[in-house]
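Accompanying notes for the structure given below.
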Amino acid sequence: LPKLPEAVSKIMQEKDSYTAMAKLIGKTPVWLFHGDMDDVVVVNESQKMAEALKTIDTEIKYTEYSGVGHNSWEQAYAESDFVTWLLSHSLSK
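Numbers 6 to 98, taken from the numbering used here, label the letters of the sequence shown in order.
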């Protein structure tokens, strides 16, 4: 079997309790993506989630795309190190 990623990437989110969500995520590395022109889920939702994850020392990477709306996944999946980052994590680390 090919090696499967043991990290998570959150590209968008719904409103939730950020602290509670961060505790559920725990130490799983997270790469958040958001477009600053998103009119479906406002960008500060991801900003708040990133801050909540930082408070519990989760490895967090945050990328905010200028001029991008709700379709930030297009830029996220095009990131040159996206797959490398996912595959670089192991739950045993």
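No residue lacks a Cβ here, since even glycine has one placed at the ideal position from N, Cα and C. Here the structure is a predicted model, which is why all the values come from computation and not from measurement.
Just how far apart, CA to CA, sit residue i and residue j?
i	j	result
LYS53	TYR23	7 Å
GLU50	LYS8	32 Å
SER71	PHE87	18 Å
VAL48	GLN80	15 Å
ASP44	THR89	30 Å
Would residue i and residue j be called neighbours here (beta carbons separated by less than 9 Å)?
i	j	result
GLY74	GLY40	yes
MET26	ALA55	no
PHE38	SER77	yes
TRP36	LYS59	no
Which residues mark the beginning and the end of the alpha helix (DSSP H) in which residue i is found?
i	result
GLU50	49-60
Which two residues bound the contiguous beta strand (DSSP E) that contains residue i?
i	result
VAL46	Where VAL46 is concerned, there is no enclosing beta strand (DSSP E), given that its DSSP letter is neither H nor E.
Could you tell me which residues DSSP pairs with residue i in its beta bridges?
i	result
ILE30	Its beta-bridge partners do not exist; DSSP assigns none.
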